[in-house]
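Residue numbers (our numbering): 1 to 258. Positions of the beta carbon are idealized from the N, C-alpha and C atoms, including for glycine. Read the structure below first, then the notes.
Here is the structure:
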């Protein structure tokens with residue numbers, strides 16, 4: 001995947017970015033991918049911190065008896081008739097979805113399972129050790145390239161010609177990734193997962209008639225969803241991908257997210 005026009009890896013400034021070493025680091029955190037992720041972190045860091053602070057303040061109010069309510073300014077949307085933008089063919093049938101970690105064998109078996117969608121879970125199903133994070137994103141990259149193979153115990157695992165649609169679930173807004181430091185502070189794990197998956201997989205997916213698809217978990221309000229939308233727009237603009245290319249499904253796990 002090419003970086004935006006006119007930018008060569010030799011011209012990329014990675015000052016202030018420190019990433020813990022790993023045997024497969026160079027495959028995942030290429031200079032271009034690292035610069036892309038660092039830009040996301042710097043651009044949206046303050047908004048993320050403010051939303052996490054707002055979470056704590058909102059919980060304090062709920063603890064003393066405040067009750068949630070719908071915003072008056074969204075009444076027209078809630079009472080109106082509307083639909084989301086059209087989605088790609090491979091996202092239309094989602095009657096059977098499975099989920100699992102981003103380990104190599106599990107991903108191959110899940111994508112070959114016959115399910116319509118496989119959600120590669122970077123959070124609840126994947127213990128966020130540095131090995132798992134780096135290897136997981138290497139596996140996601142290889143899955144998009146259809147190069148995900150494994151030799152283990154005398155067995156050979158590879159992807160079928162037809163596989164489940166791949167959807168990536170980044171970690172939630174609340175989690176830091178201490179192995180990636182930007183300007184001396186841990187990066188947001190959510191932006192690491194989204195950024196790497198999008199950078200390495202968007203063009204590959206589009207070239208195959210699919211697209212960059214994501215599940216968004218652990219949201220606690222509309223402003224957190226709006227921040228994701230801002231991230232998506234910025235990421236698409238940065239890589240020259242048309243806005244609206246990214247498709248996201250929001251998991252409603254809290255009453256405030258509803």
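From this set, 105, 99, 115, 242, which residue's C-alpha is nearest residue 155's C-alpha?
-> For the purposes of this step, residue 155 is taken as the residue at position 155 of the chain shown. Closest option to residue 155, Cα to Cα, is 105.
Just the Cα atoms here: how many angstroms apart are residue 121 and residue 190?
-> Mapped onto the chain shown, residue 121 falls at position 121. Mapped onto the chain shown, residue 190 falls at position 190. One C-alpha to the other measures close to 12 Å.
Count the CB pairs spanning the stretch 141-158 and the stretch 44-59 that are closer than 8 Å, and state whether there are at least three.
-> no
Round the Cβ separation of residue 169 and residue 123 to the nearest angstrom and send it over; I've been treating them as touching at under 8 Å.
-> As a first step, residue 169 is located in the chain shown; it is residue number 169 there, counting from the start. As a first step, residue 123 is located in the chain shown; it is residue number 123 there, counting from the start. Right, their Cβ atoms sit about 6 Å apart.
First through last residue of the alpha helix (DSSP H) which encompasses residue 52 | As a first step, residue 52 must be located in the chain shown, where it is residue number 52. 31-63 is the span of the alpha helix (DSSP H), which, as asked, contains residue 52.
Straight-line Cα distance separating residue 244 from residue 233 | Here the question's residue 233 lines up with position 233 in the chain shown. Here the question's residue 244 lines up with position 244 in the chain shown. One C-alpha to the other measures close to 8 Å.
On the three-state DSSP scale, how would you describe residue 77?
-> Start at 1 with the first residue of the chain shown, and residue 77 comes out as number 77. Here residue 77 sits in helix by DSSP.
Beta carbon of residue 110 nearer than 8 Å to that of residue 164 | To locate residue 110, count along the chain shown from 1; it is residue 110. To locate residue 164, count along the chain shown from 1; it is residue 164. Going by C-beta atoms, residue 110 is nearer than 8 Å to residue 164.
Give me the Cβ distance between residue 249 and residue 215, rounded to the nearest whole Å; I'm assuming they're in contact under 8 Å.
-> As a position in the chain shown, residue 249 is number 249, starting the count at 1. As a position in the chain shown, residue 215 is number 215, starting the count at 1. Rounded, the Cβ-Cβ distance is 5 Å, consistent with contact.
Within 8 Å, strictly: CB atoms of residue 119 and residue 167 = Counting from one through the chain shown, the residue named residue 119 turns up at place 119. Counting from one through the chain shown, the residue named residue 167 turns up at place 167. Taking 8 Å as the Cβ cut-off, residue 119 and residue 167 qualify as a contacting pair.
Assign residue 153 to buried or exposed, taking buried as 16 or more other Cβ atoms, counted over all protein chains shown, within 10 Å of its Cβ.
-> Walking along the chain shown from the start, residue 153 turns up at place 153. Per the 10 Å Cβ criterion, exposed.
Beta strand (DSSP E) segment containing residue 121, residue limits = Walking along the chain shown from the start, residue 121 turns up at place 121. Residues 117-121.
The stretch 177-188 touching the stretch 220-234, judged by at least three CB pairs closer than 8 Å = no
Through-space distance from residue 187 to residue 41, alpha-carbon basis | Position 41 of the chain shown holds residue 41. Position 187 of the chain shown holds residue 187. Rounded to the nearest angstrom, the two C-alpha atoms are 6 Å apart.
Who pairs with residue 188 in a beta bridge, going by DSSP?
-> Position 188 of the chain shown, counted from the first residue, corresponds to residue 188. Note: residue 188 sits in a beta bridge opposite 176.
Quick one: using the 10 Å Cβ neighbour count with 16 as the cut-off for buried, is residue 44 buried or exposed?
-> Locating residue 44 in the chain shown gives position 44, where the first residue counts as 1. By the neighbour-count rule (16 or more Cβ atoms within 10 Å), residue 44 is buried.
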